[in-house]
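Asks: Please find one structure pasted underneath; my questions will follow.
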Amino acid sequence: MATTITLIPGDGIGPEITAATLRVLRAAGAELEYDEQQAGLASLHDRNRLLPDETLESIQRNRWCLKGPLTTPVGKGFRSVNVQLRKEFDLYANVRPVKTLFPGGRYEGIDLVLIRENTEGLYVGVEHFIGMDRDPRAAAESVMIITRFGAERIAHFAFEYARRHRRRKVTIAHKANILKCTQGLFLEVARDVARAFPEIECEDRIIDATAMYLVLNPYQFDILVMENMFGDILSDLMAGLVGGLGFAPAGNIGETHAIFEAVHGSAPDIAGKGVANPTAFLLSACMLLDHIGQQEVAQRIRLAVEKVLSSGQVRTRDLGGNASTDEYAEALVRALV
Ligand code: NAI
Ligand code: MG
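The numbering used here numbers the first residue of the sequence shown as 35 and each following residue consecutively.
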């Protein structure tokens, strides 16, 4: 029985990496059916809405969604569709595995997982300008919100994830030395949660030092858990450890729904040129397959990715190669066993 998922190809390079990904999924025998929907710029043009009701209803119904990158127009009045989707379905955990897929990069054998709180922190969007004298924008204020409930469930998710995947350690990354209330609460709650998982080593580190140690010696880490914006920033840094944004998949997970997407955005600088690397999006689809019980298909695809990248013959431009998105997808299909 095929599982129906919502598919949002997205903006910029979205349609190109989606086409490549669907081709590999089909060839690998993924039992999926696609309920294709629009969001982002594509739907702003067609229906004057960044996030149409049909799209929300589709995700509500199907529960699982594979989503391409969405461009958030800069400026007033546009809330990030990504942030809205995470809120709408309460996708509180953003899971971002960072794994070496081929030799010859900056590091070998990296295998880390970043778990980012996805609904609170500074990204709640509580911000405003403050006028003074005749300047209506003399100052600006953003509010960082951390709740005991939010900190507890993300910490719990991280330790549960560690237990289920037989991982050894969880690092709580924070800034409790400066932000005594918000970050202090996050740290306190996460340390409390850790007590229920005695078999998993728990440490905490200041976020800036964590960034440095990730570059100096990433092997000392295993699973990292942190609040929203820190997680946003460090996930791009961590993608850099394994070859860049082209290799970083993600899952936004809630109690009932989940949306899988690459960490990267719509890459307007290379959109339409047929050169984007579809690996991150394809690996996000693999996370979806894992999530719905099709681990074997996911594993077959991952092996094909490793095989093609390791042989070094067919690589996209971000890796210094000259294969197009389609040529790379073609090579992946041939490498499937
Ligand atoms: P970006 O991630 O789109 O691009 C950053 C750099 O990485 C660019 O040089 C791009 O060419 C390169 N890159 C990204 N993905 C690649 C791929 N698959 N293959 C080869 N190269 C790749 O970030 P940027 O430029 O800051 O944002 C562009 C737009 O995407 C913005 O509107 C932003 O709001 C949106 N965005 C959406 C996200 C989402 O839908 N989850 C996440 C991040 C950004
Ligand atoms: Mg980001």
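Backbone N, C-alpha and C fix where the C-beta goes; we use that ideal spot for every residue, glycine too.
#1: Throw me the rounded Cβ distance for the M260 and R120 pair, which I believe falls under 8 angstroms.
#2: Does I42 pass the burial test, meaning 16 or more other C-beta atoms within 10 Å, or should it be called exposed?
#3: Please give me, in chain order, every unbroken run of the alpha helix (DSSP H) with length at least 4 that falls completely inside the region 191-269.
#4: In angstroms with no decimal places, state the Cα-to-Cα distance between T359 and N262.
#5: Look at the alpha carbon of E295 and the alpha carbon of D226, and state the distance between them as a whole number of angstroms.
#6: The beta strand (DSSP E) spanning T40 covers which residue range?
#7: Count the other CB atoms, across all protein chains shown, that sit within 10 Å of the CB of P131; report buried if there are 16 or more and exposed otherwise.
#8: Within its chain, find whatever has a CB closer than 6 angstroms to the CB of A196; leave out the 5 residues flanking it on each side and keep chain order.
#9: Check whether the region 50-67 touches the region 298-314, counting contact only when three or more Cβ pairs, one atom from each stretch, lie closer than 8 angstroms.
#10: Starting from the C-beta of R182, find all residues in its chain whose C-beta is less than 8 angstroms away, skip the five residues before and the five after it, and write them out in chain order.
#11: Taking the runs of the beta strand (DSSP E) that are 3 residues or longer, which of them lie wholly in the region 149-189?
#12: Give me whichever residues DSSP pairs with Y126 in a beta bridge.
#13: By DSSP, does P49 sit in helix, in strand, or in coil?
#14: Let me know the secondary structure DSSP gives Y362 once reduced to three states.
#15: Going by DSSP in three states, T350 sits in which element: helix, strand or coil?
#16: Whose C-alpha, out of V177, D80, F163, M166, is nearest the C-alpha of L156?
#17: May I ask you to verify whether the region 310-330 touches the region 53-68, counting CB pairs closer than 8 angstroms and requiring at least 3?
#18: If I follow the unbroken alpha helix (DSSP H) through F315, where does it start and stop?
#19: Kindly give me the distance between the Cβ atoms of T37 and I326, rounded to whole angstroms, as I take these residues to be in contact under 8 angstroms.
#20: When you compare the CB positions of I180 and T216, do they come within less than 8 angstroms of one another, or not?
#21: Do S300 and the ligand NAI come close, with the Cβ less than 7 angstroms from some heavy atom?
#22: Quick one: measure Cβ to Cβ for I164 and E175, integer angstroms, because I've assumed they're closer than 8 angstroms.
#23: How is F136 classed by DSSP in three states: helix, strand or coil?
#24: From this set, V276, L104, R168, L323, which residue's C-alpha is nearest A301's C-alpha?
Replies: Inspection of the coordinates gives the following:
#1: About 16 angstroms; that fails the 8 angstroms criterion.
#2: buried
#3: Whole alpha helix (DSSP H) segments, 4+ residues: 216-228, 241-250.
#4: 31 angstroms
#5: Roughly 31 angstroms separates the two Cα atoms.
#6: Unbroken beta strand (DSSP E) run through T40: 37-42.
#7: So P131 ends up on the buried side.
#8: Here the set comprises V204, I234, I257.
#9: yes
#10: L219, V223
#11: Within the region 149-189, the complete beta strand (DSSP E) runs of at least 3 residues fall at 161-166, 169-176.
#12: DSSP output for Y126 lists no bridge partner at all.
#13: helix
#14: helix
#15: strand
#16: V177
#17: yes
#18: Element bounds for F315: 313-325.
#19: 5 angstroms
#20: yes
#21: yes
#22: 6 angstroms
#23: coil
#24: L104
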